[in-house]
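*Asks:* Numbering follows the numbering used here, in which position 333 of the sequence shown is assigned residue number 398; successive positions increment by one, without gaps. Ideal Cβ positions, reconstructed from N, Cα and C, are used throughout, including at glycine.
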Amino acid sequence: MSNLDNLKQEFNKNLSQISNSEQLTALHIKYLGRNGLINDLLKKIKEIPNEEKKQYGTQVNLLKKEIEEKINAKTKELSSKKSDKFFDKTMPGKQYPKGSSHIISYAIEEITKIFEKISFIRVSYPEVDWEYSAFESLNMPKGHPARDDFETSYIDTPPHPKFGKMVLTPHTSNGQNREMRRVKNPPIRMINISKCYRPNWDATHTPMFYQFEGLCVDKDINITNLKGTLDYFAEKYFGRGTKTRLRPHHFQFTEPSFEVDVTCTVCKGSAKVNGKKCKVCKSGWLELGGTGMVHPNVLKEGGINPNEFTGWAFGFGIERVIMMKYGLDDIRNYYGGDIRFLEQF
Ligand code: FA5
Numbered sequence: 066m067s068n069l070d071n072l073k074q075e076f077n078k079n080l081s082q083i084s085n086s087e088q089l090t091a092l093h094i095k096y097l098g099r100n101g102l103i104n105d106l107l108k109k110i111k112e113i114p115n116e117e118k119k120q121y122g123t124q125v126n127l128l129k130k131e132i133e134e135k136i137n138a139k140t141k142e143l144s145s146k147k148s149d150k151f152f153d154k155t156m157p158g159k160q161y162p163k164g165s166s167h168i169i170s171y172a173i174e175e176i177t178k179i180f181e182k183i184s185f186i187r188v189s190y191p192e193v194d195w196e197y198s199a200f201e202s203l204n205m206p207k208g209h210p211a212r213d214d215f216e217t218s219y220i221d222t223p224p225h226p227k228f229g230k231m232v233l234t235p236h237t238s239n240g241q242n243r244e245m246r247r248v249k250n251p252p253i254r255m256i257n258i259s260k261c262y263r264p265n266w267d268a269t270h271t272p273m274f275y276q277f278e279g280l281c282v283d284k285d286i287n288i289t290n291l292k293g294t295l296d297y298f299a300e301k302y303f304g305r306g307t308k309t310r311l312r313p314h315h316f317q318f319t320e321p322s323f324e325v326d327v328t329c330t331v332c333k334g335s336a337k338v339n340g341k342k343c344k345v346c347k348s349g350w351l352e353l354g355g356t357g358m359v360h361p362n363v364l365k366e367g368g369i370n371p372n373e374f375t376g377w378a379f380g381f382g383i384e385r386v387i388m389m390k391y392g393l394d395d396i397r398n399y400y401g402g403d404i405r406f407l408e409q410f
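1) At the level of alpha carbons, what is the spacing between GLY392 and ASP153?
2) Just to confirm the assignment, what range does the beta strand (DSSP E) spanning HIS314 have?
3) Would GLY240 be called buried (16 or more neighbouring beta carbons within 10 Å of its own) or exposed?
4) Please report how far the alpha carbon of PRO157 lies from the alpha carbon of SER67, in whole angstroms.
5) May I have a chain-ordered list of the beta strand (DSSP E) segments no shorter than 3 residues that lie completely inside the stretch 155-190?
6) Give the secondary structure of GLU408 by DSSP, where H, G and I count as helix, E and B as strand, and everything else as coil.
7) Give me, in chain order, the residues of the same chain whose beta-carbon lies closer than 7 Å to that of GLY122; leave out the 5 immediate sequence neighbours on both sides.
8) Since PHE323 and HIS314 should fall inside the 8 Å C-beta cutoff, what is the C-beta to C-beta distance between them, to a whole number of angstroms?
9) My guess is that PRO206 and ILE369 are in contact by the Cβ rule of under 8 Å, so how many angstroms apart are they, rounded?
10) Using only the heavy atoms of the ligand FA5, determine whether one of them is closer than 6 Å to the beta carbon of ASN417.
11) According to DSSP, is LEU353 part of a helix, a strand, or is it coil?
12) Taking the alpha carbon of THR177 as the reference point, which residue from LEU69, ASN257 and ILE387 has its own alpha carbon closest?
13) Say whether the stretch 373-381 touches the stretch 267-283, bearing in mind that this needs 3 or more beta-carbon pairs closer than 8 Å, one atom from each stretch.
14) Would you decide whether SER144 is buried or exposed? Buried here means 16 or more other CB atoms lie within 10 Å of its CB.
15) Within 10 angstroms of its Cβ, does ASN115 collect 16 or more other Cβ (buried), or is it exposed?
16) Could you tell me if VAL232 is buried or exposed, where buried requires 16 or more neighbouring beta carbons within 10 angstroms of its beta carbon?
17) Pop quiz: ASN204 and ASN362 are said to be a contact at Cβ under 8 Å. What is the actual Cβ separation, rounded to whole angstroms?
18) Please work out which residues of its chain come closer than 6 Å, Cβ to Cβ, to ARG263, disregarding the five sequence neighbours upstream and downstream, and give them in chain order.
19) Tell me whether SER198, by its Cβ, gets closer than 6 Å to a heavy atom of the ligand FA5.
20) Shortest alpha-carbon distance to SER170 belongs to which of GLU112, LEU97, PHE274 and GLY367?
21) Between the alpha carbons of GLU384 and LYS146, how many angstroms are there, rounded?
22) Check whether the Cβ atoms of GLN120 and LEU69 sit closer than 7 Å, and answer yes or no.
23) Can you find the residues in the same chain that come closer than 7 Å, C-beta to C-beta, to LYS135, ignoring five residues on each side of it along the sequence?
24) Sorted by chain position, which residues of the same chain lie with C-beta nearer than 8 Å to LYS249's C-beta, five sequence neighbours on each side aside?
25) When you compare only the Cα positions, how much space is there between VAL359 and ASN265?
26) What is the DSSP secondary structure of ILE383, reduced to helix, strand or coil?
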C-alpha cells in the first residue's frame, strides 16, 4: 500500500472518532494546516523522479480535496447536531450588576444645574496652578501669614519669574483671577468646580476634595444679592424652607467676609429632635463655607475697575454639602470604593 493510501486510511479512522468541533479543528490542523501532513507530502515532490512528479502531484491534490470535503461535511453534521439541542428562549438572560455615577458626580451635576438656571457659567480651572493664581492675585502677597491657612503642597519645578512656584491648588478661588481675565468686561457669573488638595485626613477632611466657587461681578452688586443667591441655592439643594445666615469672618480676598451656615437638615433649624438636643448640629445651624464681597485689590488684579464694579464670591466643599444633605458622618467613605455605600445614591 502506498504512503498516500496509508494516510487516507488513517484520516478516515481519525474522522470516524470525532465527536465535537474542538476535535475536528485539531484534525483539520493535523492534515491541512501549514505544517500538516498534506503539506509534508507536497514538499516531498522534490524527491520524486521527474517522470512520476505529475502523477504524484495529482494524487496528493485529490487526497487533499477529499479530506477537505470530508471535514466540511463533518462540520455541518456537528453544527446541525448542536441546533437539535433544546434551547429555552424564555429563560431569563444573564444579569450583570448595574453601574451608576459616583455620589460626587451627581452632586456636581445638581449644583451646576442650580446655578445654570440663574445664568451662571460652569468653568473648571487648573488643579495644578501657579502660586500667583492661588495667592498673589487674591491679595495674599509672598510671605503673607494668611497663606498658611491653606496648607499648600508645592510642586518641585523651577518657579516662573512672575507667577512663582506651581502648587496643588488648595481652593477653587484660584479661578477668580483667571475668570476676570477671561471675561474682561463684567458681568461675570462663574461657577467653578474643581479638585483641591490639602494634607488633612479625618472624618470631615480628605487630602483631595472638591470645592465649588461662585463669583458674581457687575455694577451695584451688594450683600443682599449674595444673601439672595445663597438662600436660592440652599432651598434648591437642601430642600424647601432651608435658610442661610452669615457670620462675620476673615478672608484676605473678601471684605467684608463671612462664614455661611444653613439650617440643619435633620432638625430643620429647631435644634431639637423629639424634644432632645439635635445630635447633628446641636444649635439648629450647620456650617457651609466661606463667602464675602470681592476685595477691591482682587478686582484690580483681575483688570476690573473697583470704582465701577463690585462683586461677591463664595467657596464651599462638595463633600461637605453632600454630608449635610444626607446626614452622613464620614466623608472618607466617598473615596473608599465600597460599592455597598456608593450604590445607595
Ligand atoms: C476657602 O477655601 C475659601 N477659598 C472660600 C472662599 C471663597 C471664601 C470665596 C470667600 C470667598 P475654607 O478654607 O474655609 O475657605 O474652605 C471652604 C470649604 O472647603 C470648607 O468649608 C470645607 O467644606 C471644604 N474643605 C476644606 N478643606 C477640606 C478638606 N481637606 N477636605 C474636605 N473639604 C474641605
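*Replies:* For this structure:
1) Rounded to the nearest angstrom, the two C-alpha atoms are 48 Å apart.
2) Per DSSP, HIS314 belongs to the beta strand (DSSP E) from 309-316.
3) Classification for GLY240: buried.
4) Each residue's Cα considered, the two are about 58 Å apart.
5) Correct list: 186-188.
6) Note: GLU408 maps to coil in three-state DSSP.
7) ILE110, listed in sequence order.
8) With a contact defined as Cβ atoms closer than 8 Å, PHE323 and HIS314 qualify at about 5 Å.
9) For PRO206 against ILE369, the beta-carbon gap comes to about 19 Å, at or over 8 Å, which does not count as contact.
10) Not covered by the structure: residue 417. The range shown for the chain is 66 to 410.
11) If DSSP states are grouped into helix, strand and coil, LEU353 belongs with the strands.
12) Among LEU69, ASN257 and ILE387, the Cα nearest to that of THR177 is on ASN257.
13) Because the criterion of three Cβ pairs below 8 Å is met, the stretch 373-381 and the stretch 267-283 touch.
14) That one is exposed.
15) Exposed, by the Cβ-count rule.
16) That one is buried.
17) Taking C-beta atoms under 8 Å as the contact rule, ASN204 and ASN362 qualify, at a distance of about 4 Å.
18) Excluding five sequence positions before and after ARG263, the CB atoms of its chain that fall closer than 6 Å to its own CB belong to GLU216 and PRO235, given in chain order.
19) No, since every heavy atom of the ligand FA5 falls outside the 6 Å radius drawn around the Cβ of SER198.
20) Put simply, of GLU112, LEU97, PHE274 and GLY367 the residue whose alpha carbon is nearest the alpha carbon of SER170 is PHE274.
21) So the alpha carbons of these two residues sit roughly 60 Å apart.
22) It is not a contact, given that the beta carbons lie outside the stated cut-off.
23) Around LYS135, the same chain offers LEU80 as residues with beta carbons nearer than 7 Å, after the five sequence neighbours per side are excluded.
24) GLY368.
25) Their Cα atoms are separated by approximately 27 Å.
26) DSSP places ILE383 within a helical segment (H, G or I) once states are collapsed to three.
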